[in-house]
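Residues in the sequence shown are numbered from 0 upward in steps of one, following numbering that gives the first Met the number 0.
From the three backbone atoms N, C-alpha and C, an ideal C-beta is built for every residue, glycine too.
Bear in mind that the values here come from a model prediction, so they are computed numbers and not experimental data.
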Amino acid sequence: MGYWGYYVVGRSEAPLAELDALAGARGMMLRGAAPGGWQVWEYPSGDGDIGNMNTLALETGAPALFGYVMDSDCVAVEAAAPESGAWTTCLAREAMAGYLVGGEDGLGVDDYFLEPADAAARAVAWAAEAGHTVTAEPLLDVLIAEADSLAENLFFRFLDRLGVVPL
Numbered sequence: 000m001g002y003w004g005y006y007v008v009g010r011s012e013a014p015l016a017e018l019d020a021l022a023g024a025r026g027m028m029l030r031g032a033a034p035g036g037w038q039v040w041e042y043p044s045g046d047g048d049i050g051n052m053n054t055l056a057l058e059t060g061a062p063a064l065f066g067y068v069m070d071s072d073c074v075a076v077e078a079a080a081p082e083s084g085a086w087t088t089c090l091a092r093e094a095m096a097g098y099l100v101g102g103e104d105g106l107g108v109d110d111y112f113l114e115p116a117d118a119a120a121r122a123v124a125w126a127a128e129a130g131h132t133v134t135a136e137p138l139l140d141v142l143i144a145e146a147d148s149l150a151e152n153l154f155f156r157f158l159d160r161l162g163v164v165p166l
């Protein structure tokens, strides 16, 4: 059985775990920090909702991002920024599609998540709002990749390509 849980990425002078936007995620652990006040927190959990990305972005005044890892197979990514708004995509799309098969609503991965090219464009805008200049192609490479053994690795590669948290 792989990892189930959240990674929360944001920029703040205060620890993200102490912010009102993440009040439902008691027990978060700091995974790492990067220059400019960027923080990555981990919240191992297979259930529940830890907070709202829009609320976190508004509270910090900076872009923020959640990555929900599902059994180390795939990652649901939810991002928001005060100016450019919210968007959702996933990493390891084929594996994610397997989690959505057989749903009562008949919806698939493309119904829930931005397609890779659209997600890459939104990610470029998100990074720009974070103060980083990135291009879509390296982000697209991650968005279309399948997880080798751990989808978490794709998530951290995505953060690296956003210019937020280096590998």
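Span separating the alpha-carbon of residue i from that of residue j
i	j	result
A91	E12	32 Å
A85	L64	9 Å
E77	S71	17 Å
G31	W40	7 Å
G107	V68	18 Å
M0	Y6	18 Å
A79	L113	14 Å
S148	V141	14 Å
V133	A24	31 Å
T88	Y98	14 Å
G162	A33	10 Å
Y2	L18	25 Å
E93	E151	15 Å
S83	T54	14 Å
V123	P43	28 Å
D22	L15	As written in the sequence, residue 22 is Ala, which differs from the Asp given in the question. Roughly 10 Å between the two C-alpha positions.
W37	L29	11 Å
Boundaries (first-last residue) of the alpha helix (DSSP H) holding residue i
i	result
E93	92–99
D111	The question names Asp, but residue 111 is Tyr in the sequence shown. First-last of the alpha helix (DSSP H) with Y111: 108–111.
L57	52–59
V7	Note, V7: premise wrong, no alpha helix (DSSP H); beta strand (DSSP E) at 4–10.
P137	135–143
Enclosing beta strand (DSSP E) for residue i [first to last residue]
i	result
R30	28–33
W40	37–43
Spatial neighbours of residue i in its chain, beta-carbon cut-off 8 Å, leaving aside the 5 residues before and after
i	result
G35	R10, G130
P81	A56, L57, G60, A61, P62, E128
Own chain partners of residue i with C-beta closer than 7 Å, once the 5 adjacent residues on each side are dropped
i	result
A120	A135
N51	A20
L139	P115, A116, A119
P137	R160
A144	L153
Residue i, DSSP secondary structure in three states
i	result
L158	helix
V123	helix
Close Cβ partners of residue i (< 6 Å) along its chain, the five nearest in sequence each way excluded
i	result
G66	Y6, V74, V76, F154
Y111	none
A126	V133, L161, G162
F157	V141
P165	D159
Write down every uninterrupted run of the beta strand (DSSP E) in the segment 63–87 whose length is 3 residues or greater and which is fully enclosed by it, in chain order.
63–69, 73–80
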